[in-house]
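Q:
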Ligand SMILES: [Zn+2]
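Numbering (the numbering used here), first residue to last: 414 to 541.
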């Protein structure tokens, strides 16, 4: 399917069973919080888009997963998990994903969003 998560990225969650929706230790799938996007853009395969959930109890038919405030909370949990528990370093794809979903990420990591925007403004030759 479009923008599946890479196996290597999924492994960042292999020792986590906590369901981001209810907090119970029963997560068994990775939900694409911001959808799967399109074939022409791989931003949605960013692991920042990965939300561990229990497929039957908390994922399927859970309409609240599409609420903006809920998405912010879920993306924030994944952000904090990757940053503080896994010391994850953002890849280009993740930066693309953050910029694409800026409206959400200003509520999650506004400093990072500013940093990425500044980076983009730098002329190519000054990039490291
Ligand atoms: Zn759950």
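Using N, Cα and C, we set each Cβ at its ideal position, and we do this for glycine too.
All figures in this text were calculated on a predicted structure; none of them were measured in a lab.
Taking Cβ to Cβ, would you say residue 621 is nearer than 8 Å to residue 415?
A: Since the first residue of the chain shown is 414 and the last is 541, residue 621 is not available in this structure.
Q: Between residue 466 and ligand 1, is there a pair consisting of the residue's CB and a ligand heavy atom that are separated by less than 7 Å?
A: On the chain shown, position 53 is the one that residue 466 refers to. Correct: residue 466 has its Cβ closer than 7 Å to ligand 1.
Q: Taking Cβ to Cβ, would you say residue 435 is nearer than 8 Å to residue 472?
A: Position 22 of the chain shown, counted from the first residue, corresponds to residue 435. Position 59 of the chain shown, counted from the first residue, corresponds to residue 472. The Cβ atoms of residue 435 and residue 472 lie no closer than 8 Å to each other.
Q: Within the present structure, is the beta-carbon of residue 437 separated from the nearest heavy atom of ligand 1 by less than 7 Å?
A: Locating residue 437 in the chain shown gives position 24, where the first residue counts as 1. At least one heavy atom of ligand 1 is nearer than 7 Å to the Cβ of residue 437, so yes.
Q: What did DSSP end up calling residue 521 once you bin it into helix, strand or coil?
A: As a first step, residue 521 must be located in the chain shown, where it is residue number 108. Residue 521: coil per DSSP, three-state reduction.
Q: For residue 533, name the three-state secondary structure that DSSP assigns.
A: As a position in the chain shown, residue 533 is number 120, starting the count at 1. If DSSP states are grouped into helix, strand and coil, residue 533 belongs with the helices.
Q: With a Cβ-Cβ cutoff of 8 Å, do residue 433 and residue 466 count as a contact?
A: Translated into the one-based positions of the chain shown, residue 433 becomes position 20. Translated into the one-based positions of the chain shown, residue 466 becomes position 53. Contact: yes.
Q: At a threshold of 7 Å, does residue 442 count as lining ligand 1 (C-beta to nearest heavy atom)?
A: The residue you call residue 442 lines up with position 29 of the chain shown. No, the Cβ of residue 442 stays beyond 7 Å of every heavy atom of ligand 1.
Q: Considering only the beta carbon of each residue, do residue 455 and residue 506 sit closer than 8 Å?
A: Numbered from its first residue, the chain shown carries residue 455 at position 42. Numbered from its first residue, the chain shown carries residue 506 at position 93. Against a cut-off of 8 Å, the Cβ pair of residue 506 and residue 455 comes out as a contact.
Q: Quick check on the burial criterion: 16 or more other C-beta atoms within 10 angstroms. Buried or exposed for residue 491?
A: Reading the chain shown from its first residue, position 78 is the one you call residue 491. When all chains shown are included, residue 491 counts as buried.
Q: Would you call residue 469 buried or exposed, if buried means 16 or more other Cβ atoms sit within 10 Å of its Cβ?
A: Position 56 of the chain shown holds residue 469. Exposed is the call here.
Q: Alpha carbon to alpha carbon, what distance is there between residue 449 and residue 407?
A: Outside the shown range of the chain, which is 414 to 541, sits residue 407, and nothing can be said about it.
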